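Note sheet for the following structure.
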Amino acid sequence: MELTLKIVDADGVVLARSTGRDETFLVYRQSYREGDRVVVEVSEPGHVFLSLDGAIQPGLVYMKECAYSLAVPFGDKRKPYSPNAFRGDIHRLSARSTRPDEITHRRNLALNPWDDHANRALFPHARANVETRGEAVFAARNAIDGEKANDDHGFWPYTSWGINRDPQAALTVEFGRSVRIDEIVFYLRADFPHDSWWEEASVTFSNGKTSCFPLVKSGAAQGFPIEPCVVEWVELHGLIKAEDASPYPALTQIEIWGTEVQGADLKPSALSIAL
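With my numbering applied, the sequence shown covers 7 to 281.
In structure tokens form, the structure reads like this:
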């Protein structure tokens, strides 16, 4: 797989670029300006490890399309990220293709630190029918960003999906390909007594089945094994709020554990041969 990393400004001018076979690094020695974008290009769809900023954890993601673009966040859009992210005048980015053994093991398939509203190429991807006041710190992407600290809210690392008090709120996690899942884990936001909680949540799978899960007032992981099934997406809905004084239940993180469907994107890379 050929990989390219680019920094592009608001006018489409390429400010920096790096290309490599199976692995590439880009060191950008300038401060970001509003309108700049980080662009990832691959020669073919597949799994990649991305590290687009030194202050954000690397992520194993699936590129369904051959190009992904992330707007460098400014203003309120910075709130879901570490205060150190995208700052300063030197930035190290990296991308590499995966070895077969790295994608066959069981893992959280709903983890993507690089997701955002505009993303249609990099999976998993989270979207919702409502987000609290449209604020980035309560966006759907926060439910799959890997940040699980949940005893506060409204700033990093206390990112969450906020439902704006809407009982019809729903969150969809798309995988971009078929995956086999066997467990769902919820981390409710637990800034009590400011927060409320849900006593029940339903999940509908792309195969048409729906499961209901009982939840309790807790900031700890609440995990539920499910009958293994092959899906392309899941939708969280039917959120039943507890009868308490707070109107603010929220979701800090959803983990969906499982494996790749056998034979999917398991081609050996040049990197694996070299190692």
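Positions of the beta carbon are idealized from the N, C-alpha and C atoms, including for glycine. Fair warning: this is a prediction, and the values are worked out from it, not measured in the lab.
Element boundaries [alpha helix (DSSP H), containing residue i]
i      : result
Thr165 : Careful: Thr165 lies outside any alpha helix (DSSP H) and carries neither H nor E.
C-alpha gap between residue i and residue j, whole angstroms
i      : j      : result
Asp17  : Asp42  : 9 Å
Ile246 : Lys85  : 28 Å
Trp239 : Glu205 : 23 Å
Phe80  : Val267 : 38 Å
Asp151 : Pro119 : 4 Å
Asp5   : Ala251 : Within the shown structure, residues of the chain are numbered from 7 to 281, placing residue 5 beyond reach of any answer.
Asp158 : Gly168 : 13 Å
Ala146 : Asp121 : 9 Å
Pro255 : Leu194 : 8 Å
Pro106 : Val54  : 11 Å
Pro199 : Ala175 : 22 Å
Leu277 : Gly26  : Bear in mind that the predicted position of Leu277 carries a pLDDT of just 42, short of 50, making it too unreliable to give a figure here.
Leu7   : Pro51  : One point to set straight first is that residue 7 is Met, not Leu, in the sequence displayed. If you take the alpha carbons of Met7 and Pro51, they lie about 9 Å apart.
Tyr87  : Arg113 : 23 Å
Glu141 : Ala196 : 19 Å
Glu137 : Thr210 : 20 Å
Gly244 : Pro173 : 8 Å
Glu71  : Pro89  : 30 Å
Val19  : His123 : 23 Å
Arg139 : Thr104 : 38 Å
Cys235 : Ser166 : 27 Å
Val33  : His111 : 31 Å
Glu249 : Ser75  : 43 Å
Ala177 : Phe219 : In the sequence as presented, Ala is not what sits at residue 177; that position holds Leu. When rounded, the distance between both Cα atoms is 15 Å.
Beta-carbon gap between residue i and residue j smaller than 9 Å
i      : j      : result
Ser208 : Ser217 : yes
Ala127 : Ala77  : no
Leu257 : Val179 : no
Phe31  : Ser100 : yes
Asp15  : Leu9   : no
Phe92  : Tyr164 : no
Ala116 : Ala132 : yes
Leu56  : Val67  : yes
Gln259 : Asn156 : yes
Lys12  : Glu47  : yes
Proximity to residue i [Cα-Cα], best of the options
i      : options                           : result
Lys215 : Gly225, Glu233, Ser224 and Lys223 : Glu233
Asp28  : Thr178, Phe161 and Ser49          : Ser49
Ala226 : Phe192, Pro173, Ile262 and Gly264 : Phe192
Ser229 : Leu221, Val54 and Arg186          : Before going on, a small fix: residue 229 reads as Gly here, not Ser. The option with the nearest alpha carbon to Gly229 is Leu221.
Ile62  : His97, Met69, Val14 and Thr30     : His97
Met69  : Arg102, Glu40 and Phe31           : Arg102
Trp263 : Pro253, Val237, Gly244 and Asp95  : Val237
Ser212 : Glu249, Ser184 and Ala196         : Ser184
Asn148 : Arg112, Lys83, Arg186 and Thr110  : Lys83
Gly65  : Asn90, Ile109 and His123          : Ile109
Ser224 : Val45, His111, Arg23 and Lys154   : Lys154
Extent of the continuous beta strand (DSSP E) to which residue i belongs
i      : result
Ile260 : Ala256 to Glu266
Glu108 : Taken as a continuous stretch (DSSP letters only), Glu108 belongs to no beta strand (DSSP E), being part of the alpha helix (DSSP H) at Pro106 to Thr110.
Cys235 : Gln228 to Lys247
Ala101 : His97 to Ser103
Lys12  : Glu8 to Val14
Phe219 : Thr216 to Pro220
Val143 : Element bounds for Val143: n/a, residue is neither H nor E.
Trp204 : Trp204 to Phe211
Tyr74  : Ala73 to Ala77
Phe198 : Counting along the chain, Phe198 falls outside any beta strand (DSSP E), and DSSP gives it neither H nor E.
Glu47  : Arg43 to Val48
Ala132 : His131 to Ala134
Glu29  : Glu29 to Tyr34
Beta-carbon separation (whole angstroms), residue i vs residue j, contact threshold 8 Å
i      : j      : result
Tyr182 : Phe144 : The amino acid occupying residue 182 in the given sequence is Gly; Tyr does not appear at that position. About 24 Å separates the two Cβ atoms, so there is no contact after all.
Pro231 : Glu189 : 5 Å
Arg186 : Thr265 : 5 Å
Arg23  : Asp95  : Their Cβ separation, rounded to whole angstroms, is 18 Å, which puts Arg23 and Asp95 out of contact at 8 Å.
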